[in-house]
Amino acid sequence: MLQEWLLGLLGGFGKLFIHPIFYFSFLLAFVVGMFRVSRERKDFHTRVYDIYQEVRYILPSSLLIGLLLSIVSIGFGLTLPLELLNFIAAVTIILSAGGFRLLSPAWTISLALIIFAVTEKTGYSFIPHEGFSFSKILMTMAIVLALLFITEGLLMLKRGWQGTSPRLVESPRGLKVGVQFAQRLWLVPVFLVLPTGELTSPWPWWPVISIGSETYSFIWFPFLVGFAQLIKSTLPELAVKATGKNIIAAGVVTLLLAIAAYWVPVLAVISAVFAFISRIWISWRHYAYERDRHYFFTPQPKGVMVLGILPYTPAKKMDLKIGEIIYKVNGTEVNTESEFYEALQKNAAYCKLEVVDVNGQNRFAQGSLYEGQHYELGLILVDEEKEFAAEEN
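The sequence shown: position 324 = 413 (the numbering used here), numbered continuously.
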């Protein structure tokens with residue numbers, strides 16, 4: 090039996106690479122990257138990150154979480170019909186028209202669950218599940234939703250705030266100010282049990298939530314998890330992590346409701362509605378908070394603020410960070426971008442920056458410069474005239 094299970098898991102692993110969502114995720118990330126680069130070039134006459142930035146984030150961070158979810162899924166025998174999984178994939182593709190913003194599991198899976206439940210109860214069901222327990226399918230689906238909802242929050246805490254894209258917007262007073270746009274797409278592959286196949290249960294209690302099947306197979310199913318968030322009043326790390334913590338809290342409540350559906354089946358649908366509404370509320374709360382506060386990335390009375398840092402540049406090597414204020418260059422005080430580069434040229438081979446970090450502490454950043462790097466330091470600065478400029482690539 091062990092050999093059969095190993096072969097079954099191997100077969101499920103291979104199904105990931107023939108599922109359309111796997112390839113669609115890379116295409117979507119590439120297209121979003123194209124639009125981002127276009128926006129960055131429009132605002133700063135250069136791109137901050139290359140067109141593959143979103144593609145790079147799709148898998149590395151989510152593989153470990155996907156593995157942990159797979160252990161839980163296989164251990165409890167979370168079983169869903171393939172037709173229902175494909176319906177979730179279809180809903181995901183449709184919502185992706187709104188970009189990464191609409192790809193929270195709280196919207197994609199919740200919407201699929203609600204549609205499945207409503208059409209079944211109204212006699213318009215289009216997803217076959219003959220011979221299987223409708224209530225147990227809903228419960229399993231709700232648990233998967235909750236686990237992925239929590240995963241969204243965890244991924245935001247870990248990586249969602251990194252590599253944000255700077256933008257220019259117009260303030261209510263008609264001035265150009267800087268904001269940060271955080272967006273990520275993760276592909277979270279999770280092993281699930283299908284209620285068809287040649288494998289039989291190795292234990293009398295497995296699967297814990299039985300939908301009525303006696304034979305099984307595995308699939309490594311690709312779930313997409315995404316978010317997008319505009320940040321104007323604080324640093325991206327603070328804003329994204331705050332949202333991530335709220336999502337985790339909402340995900341835990343969703344999970345408790347989904348588990349309680351074992352005794353009260355209607356709670357499976359209620360958990361999906363809760364997840365859907367709570368995610369809307371979390372997004373609205375962030376928007377309302379940002380709307381009522383001042384812009385963070387604005388010209389400073391002393392020094393120039395860093396709005397963006399190009400990768401693989403001297404500024405990156407000097408460990409400069411967005412939100413820091415550079416007030417001296419090679420011993421000369423600077424308040425505009427032009428003063429910054431004039432002071433930089435005083436030393437052809439070396440630059441020393443005096444910086445106020447995001448905690449208000451003074452520090453030094455220094456490094457060697459090669460010929461021609463004075464105008465390629467890799468900084469996007471907030472200028473005194475409330476205009477923004479960046480080094481050409």
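Ideal Cβ positions, reconstructed from N, Cα and C, are used throughout, including at glycine.
Problem - Through-space distance from Val266 to Gln450, alpha-carbon basis - result: 24 angstroms
Exercise for the section: State yes or no: is the C-beta of Val355 within less than 9 angstroms of the C-beta of Met245? Expected result: no
Handout entry: Sequence-distant residues of its chain with Cβ nearer than 8 angstroms to Gln142 (five each side left out)
Key = Gly122, Arg125, Gly252
Practice task
Verify the CB distance criterion: does Lys406 have a CB-CB separation below 9 angstroms to chain C?
Solution key: Of the protein chains in this structure there is only one, and it is not chain C.
Handout entry: Spatial neighbours of Leu234 in its chain, beta-carbon cut-off 8 angstroms, leaving aside the 5 residues before and after
Key = Pro194, Ala195, Ile198, Ser199, Leu202, Thr343, Ala347, Ser360, Ala361, Ala364
Exercise for the section: Please report the residue range of the alpha helix (DSSP H) in which Thr285 lies. Expected result: Taken as a continuous stretch (DSSP letters only), Thr285 belongs to no alpha helix (DSSP H), being part of the beta strand (DSSP E) at 265-288.
Exercise for the section: Report the residue from His134, Glu413, Gly286, Trp370 whose alpha carbon sits nearest the alpha carbon of Thr387. Expected result: Glu413
Practice task
For the beta strand (DSSP E) holding Lys417, just list the boundary residues, first then last.
Solution key: 414-418
Handout entry: Collapsed DSSP secondary structure at Met394 in the structure displayed
Key = strand
Problem - Cα-Cα separation, Leu171 to Arg130 - result: 43 angstroms
Practice task
Tell me whether Phe111 is buried or exposed, calling it buried when 16 or more other Cβ atoms sit within 10 Å of its Cβ.
Solution key: buried
Problem - His218 to Leu283 span [Cα, whole Å] - result: 12 angstroms
Handout entry: Local Cβ density within 10 Å of Gln318, reported as buried at 16 or more and exposed below that
Key = buried
Practice task
For His108, collect the residues of the same chain with a Cβ closer than 6 angstroms to its Cβ; drop the 5 residues on either side in sequence, then sort them by chain order.
Solution key: Pro311
Problem - At least three beta-carbon pairs within less than 8 angstroms, the region 370-390 to the region 263-279 - result: yes
Problem - Classification of Leu116 by the beta-carbon crowding that lies within 10 angstroms, buried from 16 upward - result: exposed
Exercise for the section: Check whether the Cβ atoms of Val277 and Phe165 sit closer than 9 angstroms, and answer yes or no. Expected result: no
Practice task
Determine the burial state of Glu500: buried for a count of at least 16 other Cβ atoms within 10 Å of its Cβ, exposed for fewer.
Solution key: The displayed coordinates of the chain run from 90 to 482. Any statement about residue 500 would go beyond what the structure contains.
Problem - Secondary structure of Glu476, DSSP reduced to three states - result: Reliability of the predicted coordinates at Glu476 is poor, the pLDDT of 47 falling under 50, and the value obtained from them is presented with this limitation in mind. Coil, per DSSP.
Problem - Pick from Ser299, Asn448, Gly188 that is closest to Leu169, judged by C-alpha positions - result: Ser299
Practice task
Can you give me the Cβ contacts of Gln272 inside the same chain, cut-off strictly under 6 angstroms, excluding the 5 residues immediately before and after it?
Solution key: Phe189, Ala317
Practice task
Would you list the residues sitting across from Arg256 in a DSSP beta bridge?
Solution key: Val268
Practice task
From the DSSP output, in three-state form, read off Tyr378 for me.
Solution key: helix
Problem - DSSP three-state assignment for Ser360, whether helix, strand or coil - result: helix
Practice task
Check Pro403 in the structure and name its three-state DSSP category.
Solution key: helix
Exercise for the section: Quick one: using the 10 Å Cβ neighbour count with 16 as the cut-off for buried, is Ser457 buried or exposed? Expected result: exposed
Practice task
Ignoring anything shorter than 4 residues or poking outside the region 119-191, list the alpha helix (DSSP H) runs there in chain order.
Solution key: 142-145, 149-165, 171-184
Problem - Per-residue DSSP class, three states only, for Ser306 - result: strand
Handout entry: Which residues DSSP lists as bridging Arg368, in chain order
Key = Looking at the DSSP assignment, Arg368 forms no beta bridge with any residue, so it has no partner.
Exercise for the section: Would you tell me roughly how many angstroms separate the C-alpha atoms of Val180 and Gln455, rounded to the nearest one? Expected result: 51 angstroms
Problem - Run of the beta strand (DSSP E) containing Ser457, from where it starts to where it stops - result: 451-457
Practice task
Grab the span of the beta strand (DSSP E) containing Leu105 for me, first residue to last.
Solution key: No beta strand (DSSP E) contains Leu105, which DSSP labels as neither H nor E.
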